[in-house]
Amino acid sequence: MWDGIGDFVAMGGHAPYVWGSYGAVVLLLGLEAALLVRRRQRAWTRLARQARRSTTARHPSTGSES
Amino acid sequence: MNRRRIPWLYFTVPRNFYWLVQRLVPLIWAVAAVLAVAGLYVGFFVAPPDYQQGNSYRIMFIHVPTAWMGMFLYALMAVYAVIFLAWRIKMADVMARSLAPTGALMTALSLWTGALWGAPTWGTYWVWDARLTSTLLLLFLFLGYMALYAAIDDREKGARAAALLALIGVINVPVIYFSVEWWHTLHQGMSISPSGGASMAPSMLAALLLGTGACWAYCAAVTLRRAQTELLEREDSTGWTRTVSTDDAPPAPRGVAVPTGRRN
Numbered sequence: 001m002w003d004g005i006g007d008f009v010a011m012g013g014h015a016p017y018v019w020g021s022y023g024a025v026v027l028l029l030g031l032e033a034a035l036l037v038r039r040r041q042r043a044w045t046r047l048a049r050q051a052r053r054s055t056t057a058r059h060p061s062t063g064s065e066s
Numbered sequence: 067m068n069r070r071r072i073p074w075l076y077f078t079v080p081r082n083f084y085w086l087v088q089r090l091v092p093l094i095w096a097v098a099a100v101l102a103v104a105g106l107y108v109g110f111f112v113a114p115p116d117y118q119q120g121n122s123y124r125i126m127f128i129h130v131p132t133a134w135m136g137m138f139l140y141a142l143m144a145v146y147a148v149i150f151l152a153w154r155i156k157m158a159d160v161m162a163r164s165l166a167p168t169g170a171l172m173t174a175l176s177l178w179t180g181a182l183w184g185a186p187t188w189g190t191y192w193v194w195d196a197r198l199t200s201t202l203l204l205l206f207l208f209l210g211y212m213a214l215y216a217a218i219d220d221r222e223k224g225a226r227a228a229a230l231l232a233l234i235g236v237i238n239v240p241v242i243y244f245s246v247e248w249w250h251t252l253h254q255g256m257s258i259s260p261s262g263g264a265s266m267a268p269s270m271l272a273a274l275l276l277g278t279g280a281c282w283a284y285c286a287a288v289t290l291r292r293a294q295t296e297l298l299e300r301e302d303s304t305g306w307t308r309t310v311s312t313d314d315a316p317p318a319p320r321g322v323a324v325p326t327g328r329r330n
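Chains as they are written, first to last, in the numbering used here: chain F, 1 to 66; chain P, 67 to 330.
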């Protein structure tokens, strides 16, 4: 159907519209997924820090360095 | 005590929900990837150019799925809002809140891809016709939901106010869907309708449906992950999260249909 890669990229003269659409979708979905991974890591970091702190509070002699 | 006999409440317990999402999300990502690759292949290498629009119509394979997902996610959000308002199930609120950002993103993408499709087809990026305007309103409803939720300090009150907004705004969804029939719009009518079937070549329909499946799976994966993350953020380190590693959660104890509300 396509006459080489150049023809495919050109999209019959509609390249900016077609690739602008698909590009935005790929970019923003990737960004959303990446932000979510970061948010999840932060949630776990907070819980881990909190757990460490409460251990330290209960056992000041053993938990401080862990 | 009756709750023990209702298995569908099982996954409203944060720990059980976490466990379920851990197992479901990788599968859903795989489904999304397979459908996306298949959809893009059919959309770009099998479906022929449109006899009127040439190749710009290929935007449809992403425009229509994102638009459908925007409406679908809003309707789903409203359903969770009702469940939350009526039965005060915390998990329903978590789900509704987790759907909003992805719903807003899908709606924004449908507007963006629609504008880029409109430019070569209609000669304009934007018109204030019923379909486009009601879709813009949908975007504002999603954003309004998130803003209202965040603006009220008391989470319970914020959740209820936002749920109410979600519920009121749901009237907009059928308005968007039927706008092309109710008003004279520049936007084209339904290409796929419950009564008329699909008015396009089978390969185009295949690409459209594969794209819709991929979008649906993406939204499911992302919103479930967000709900899971929201649960983590609401917990402190003394609760159920102690028993869960960062990668996994233990299966629930055998023989207990629904934990009775006390933490282990």
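C-beta atoms are modelled at their ideal positions from N, C-alpha and C, and glycine is treated no differently.
Residue-chain proximity (residue 315(P), chain F), Cβ-Cβ < 8 Å: The pLDDT assigned to residue 315(P) is 45, lower than 50, so where the model puts this residue is not dependable, and the model offers no usable value.
C-alpha gap between residue 116(P) and residue 270(P), whole angstroms: 10 Å
DSSP three-state assignment for residue 257(P), whether helix, strand or coil: coil
Beta-carbon proximity of residue 17(F) to residue 128(P), cut-off 8 Å: no
Same chain only: Cβ atoms within 8 Å of residue 188(P), ignoring 5 sequence neighbours per side: 252
Where residue 189(P) sits in the DSSP three-state scheme: Taken through DSSP and simplified to helix, strand or coil, residue 189(P) comes out as coil.
Chain P within 8 Å of residue 59(F), Cβ atoms only: The Cβ of residue 59(F) sits no closer than 8 Å to any Cβ of chain P.
Of the residues 108(P), 141(P), 96(P), 283(P), the one placed nearest residue 235(P), counting alpha carbons only: 141(P)
DSSP state of residue 302(P) mapped onto helix, strand, coil: coil
Chain P residues whose Cβ lies nearer than 7 Å to that of residue 20(F): 182
Amino acids of chain P, ordered along the chain, whose beta-carbon sits closer than 7 Å to that of residue 28(F): Neighbours of residue 28(F) on chain P, chain order: 171, 175.
Nearest candidate by alpha-carbon position, reference residue 233(P), set 290(P), 171(P), 301(P), 143(P): Considering only alpha carbons, the answer is 143(P).
Length-filtered (4 minimum) alpha helix (DSSP H) runs lying within the segment 77-117 of chain P: 80-107
Residue 49(F) versus residue 4(F) - alpha carbon distance: 56 Å
With 16 other Cβ atoms within 10 Å as the buried cut-off, status of residue 178(P): buried
Boundaries (first-last residue) of the alpha helix (DSSP H) holding residue 153(P): 126-153
Residue 161(P) beta carbon less than 8 Å from that of residue 281(P): no
Distance, residue 266(P) Cα to residue 164(P) Cα: 35 Å
Coarse secondary structure for residue 264(P), derived from DSSP in three states: It is a strand residue.
Short-range partners of chain F found in the segment 270-293 of chain P, where Cβ spacing is below 8 Å: 284, 288, 291, 292
DSSP beta-bridge partners of residue 120(P): 116(P)
Outcome for residue 215(P) when other beta-carbon atoms lying within 10 angstroms are tallied against a minimum of 16: buried
Min CB distance residue 12(F) to chain P below 8 Å: yes
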